[in-house]
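Q: Here you go, one structure.
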Amino acid sequence: MAYIEPAPIKDKDNPFESMMSRFHIAAQHLGLDDEVYNVLKSPVKQVITSLPVTMDDGSIRVFEGYRVIHSNILGPSKGGVRYDMDVNLDEVKALAAWMTWKCAVVDIPYGGAKGGIKCNPREMSAGEIERLTRSYTQAMYEIFGPDRDIPAPDMGTGPREMAWMMDQYSRSQGMTVNAVVTGKPLVLGGSLGRTEATGRGVMISTLAGMEKLRINPFKATCAIQGFGNVGSWAALLLEERGVTITAVSDLSGAYYNEEGINIAEANTYRQENGGHLEGFEGAEKIDPDELLLLDVDVLVPAAIEDVITKENADKIKAKLIVEGANGPTSAKADAIINDKGIMAVPDILANAGGVTVSYFEWVQNRLGYKWTAERVNRRSDRIMRDAFNKVYKASQEYNVSLRIAAYIVAIDKVAKTYKYRGGF
Ligand code: GLU
Numbered sequence: 207m208a209y210i211e212p213a214p215i216k217d218k219d220n221p222f223e224s225m226m227s228r229f230h231i232a233a234q235h236l237g238l239d240d241e242v243y244n245v246l247k248s249p250v251k252q253v254i255t256s257l258p259v260t261m262d263d264g265s266i267r268v269f270e271g272y273r274v275i276h277s278n279i280l281g282p283s284k285g286g287v288r289y290d291m292d293v294n295l296d297e298v299k300a301l302a303a304w305m306t307w308k309c310a311v312v313d314i315p316y317g318g319a320k321g322g323i324k325c326n327p328r329e330m331s332a333g334e335i336e337r338l339t340r341s342y343t344q345a346m347y348e349i350f351g352p353d354r355d356i357p358a359p360d361m362g363t364g365p366r367e368m369a370w371m372m373d374q375y376s377r378s379q380g381m382t383v384n385a386v387v388t389g390k391p392l393v394l395g396g397s398l399g400r401t402e403a404t405g406r407g408v409m410i411s412t413l414a415g416m417e418k419l420r421i422n423p424f425k426a427t428c429a430i431q432g433f434g435n436v437g438s439w440a441a442l443l444l445e446e447r448g449v450t451i452t453a454v455s456d457l458s459g460a461y462y463n464e465e466g467i468n469i470a471e472a473n474t475y476r477q478e479n480g481g482h483l484e485g486f487e488g489a490e491k492i493d494p495d496e497l498l499l500l501d502v503d504v505l506v507p508a509a510i511e512d513v514i515t516k517e518n519a520d521k522i523k524a525k526l527i528v529e530g531a532n533g534p535t536s537a538k539a540d541a542i543i544n545d546k547g548i549m550a551v552p553d554i555l556a557n558a559g560g561v562t563v564s565y566f567e568w569v570q571n572r573l574g575y576k577w578t579a580e581r582v583n584r585r586s587d588r589i590m591r592d593a594f595n596k597v598y599k600a601s602q603e604y605n606v607s608l609r610i611a612a613y614i615v616a617i618d619k620v621a622k623t624y625k626y627r628g629g630f
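Heads up, the sequence shown is in the working numbering, so the first residue is 207 and it goes up one at a time.
Written as structure tokens, this is what we have:
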């Protein structure tokens, strides 16, 4: 009989506490009512479910699945589903709250949610992942819904899993409901531009940050941690706009080339070599911890939480940090980053391009219409730029970092919605 190994306890900050400490600071700046503060500090709903799955060898394994709805006051809740061995309730709670703030920052009509399954998809067959995904969707069929809660991809999931979720949910309803999930393959009602949307938003945020700092993209260097969907697209799109990408990393290690890595080549290599860069000859291998500390203009953490911590923040040399990942900077590192005068474009702004195009996908599904890639990109670029400018303005008005300003913008919108709707 196979049991699931408990995830190793990492010596890292609790992501929910990290989220709450920023929420608390922003709430104080806003003079948020105690009532609204108390409502927003706890999720609306937290579901934990056991998912028995028949494995290929005939054994049955029980996985743990989560879905946390942090808020649905602004509309149906929205957020991805993560497949990873580190998934736990505190992490999903933090990620769900971040989705509330993220959707509010870019001003799309959604609340925030997040889901996850504690599993290692790299060690599972496609059939096992499909059965697990269907089992999860079935367990959540009363939670999900195009007007209730709309899942999407996150770490360890992609269009393939979204197709299974859409199909399983549709079976439970006896009709095709494609607006129940976003990030689907194009033929199932996915949107053009969704795959690259998060990386594209990171690119827009980076250029906006560079403009404020008067960094010329054609003379700028950039290191990117994480070469998955977010990091690889951000790298490619920044390179297209003249930025020299001197370092990238993935699970196989970190790769450095002073002259700039050819991102198209790295992408092709990754696709042809099992999804990672091991053996890539266009760069030399360096210590992955060093990547964050390289002497570059821009640092894009686009992998996981808590990589910029109070231990390494002081050694960062970049002038601009753009958070492609959710929660890459621990709350304890914020003050160090600020004291060093580094501009950090926070996750809830920088990586909001993904959920923005998810919103467009949902709109198109409901319209029964398909937009061109050009329309999707133009509209999402505009939303990202407007959001950046709004947050930048708030940071000057309240004399706070971009991170706290983003929370202020988001919490203000959610708080106003509570004021108008009332009803406690
Ligand atoms: N998982 C992505 C995020 O963290 C996308 C969520 C969505 O599209 O709903 O923003």
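Ideal Cβ placement from N, Cα and C applies to all residues, glycine included.
Bear in mind the structure is a predicted one, so any value in this text is a computation, not a measurement.
Return yes when the Cβ of A612 is within less than 7 Å of the Cβ of L555, no when it is not.
A: The count along the sequence shown starts at 1 and reaches residue 555 at position 349. The count along the sequence shown starts at 1 and reaches residue 612 at position 406. Yes, they are a contact pair.
Q: If you reduce the DSSP assignment to three classes, tell me which class C325 lands in.
A: Numbered from its first residue, the sequence shown carries residue 325 at position 119. In the structure shown, C325 sits in coil (DSSP, three-state: anything other than H, G, I, E or B).
Q: Taking E465 as the reference, which of N479, L483, V449 has the closest Cα?
A: Sequence index remark: in the sequence shown, residue 465 carries index 259 (1-based). Cα-wise, what sits closest to E465 is V449.
Q: From which residue to which residue does the alpha helix (DSSP H) around P494 run?
A: As a first step, residue 494 must be located in the sequence shown, where it is residue number 288. Taken as a continuous stretch (DSSP letters only), the alpha helix (DSSP H) holding P494 covers 494–497.
Q: Where do the ends of the beta strand (DSSP E) carrying D290 lie?
A: Taking the first residue of the sequence shown as 1, we reach residue 290 at position 84. Per DSSP, D290 belongs to the beta strand (DSSP E) from 283–290.
Q: When burial is assigned at 16 or more other CB atoms within 10 Å of the CB, is R273 buried or exposed?
A: The residue given as residue 273 occupies position 67 in the sequence shown. With 16 or more other Cβ atoms within 10 Å, it is buried.
Q: Just how far apart, CA to CA, sit V606 and R340?
A: Within the sequence shown, residue 606 is the residue found at index 400, counting from 1. Within the sequence shown, residue 340 is the residue found at index 134, counting from 1. Spanning the two alpha carbons is a distance of roughly 45 Å.
Q: Report the residue ranges of all beta strand (DSSP E) runs contained in full by the region 434–489; include only those spanning at least 3 residues, in chain order.
A: Complete beta strand (DSSP E) runs here, min 3: 450–456, 459–462.
Q: Which full runs of the alpha helix (DSSP H) of 4+ residues lie inside the region 536–601, going along the chain?
A: Here the runs fully enclosed are 537–545, 553–556, 559–573.
Q: Can you grab the Cα-Cα spacing for the pair A593 / V551, in whole Å?
A: Translated into the one-based positions of the sequence shown, residue 593 becomes position 387. Translated into the one-based positions of the sequence shown, residue 551 becomes position 345. Each residue's alpha carbon lies about 11 Å from the other.
Q: Quick one: does the C-beta of K299 sit closer than 6 Å to a heavy atom of the ligand GLU?
A: Position 93 of the sequence shown holds residue 299. For the ligand GLU, not one heavy atom lies less than 6 Å from the Cβ of K299.
Q: When you compare only the Cα positions, how much space is there between D553 and G530?
A: Here residue 553 corresponds to residue number 347 of the sequence shown, with the count starting at 1. Here residue 530 corresponds to residue number 324 of the sequence shown, with the count starting at 1. Rounded to whole angstroms, D553 to G530 spans 6 Å at the Cα level.
Q: In angstroms, rounded to a whole number, what distance separates the CA positions of N595 and N244?
A: If you number the sequence shown from 1, residue 595 lands on position 389. If you number the sequence shown from 1, residue 244 lands on position 38. N595 and N244: Cα-Cα distance of roughly 29 Å.
Q: For the putative contact between I279 and V569, defined by C-beta atoms under 8 Å, what is the C-beta separation to the nearest angstrom?
A: Counting from 1 along the sequence shown, the entry for residue 279 is found at position 73. Counting from 1 along the sequence shown, the entry for residue 569 is found at position 363. Rounded, the Cβ-Cβ distance is 20 Å, inconsistent with contact.
Q: Looking only at its own chain, which residues have a Cβ that is under 6 Å from the Cβ of S455, when we skip the five neighbours before and after it?
A: Taking the sequence shown and counting its residues from 1, the one referred to as residue 455 is at position 249. Excluding positions up to five away in sequence, the list reads Q431, P494, L497.
Q: Once DSSP output is grouped into helix, strand and coil, what is the label at E529?
A: Position 323 of the sequence shown, counted from the first residue, corresponds to residue 529. DSSP places E529 in coil when its eight states are reduced to three.
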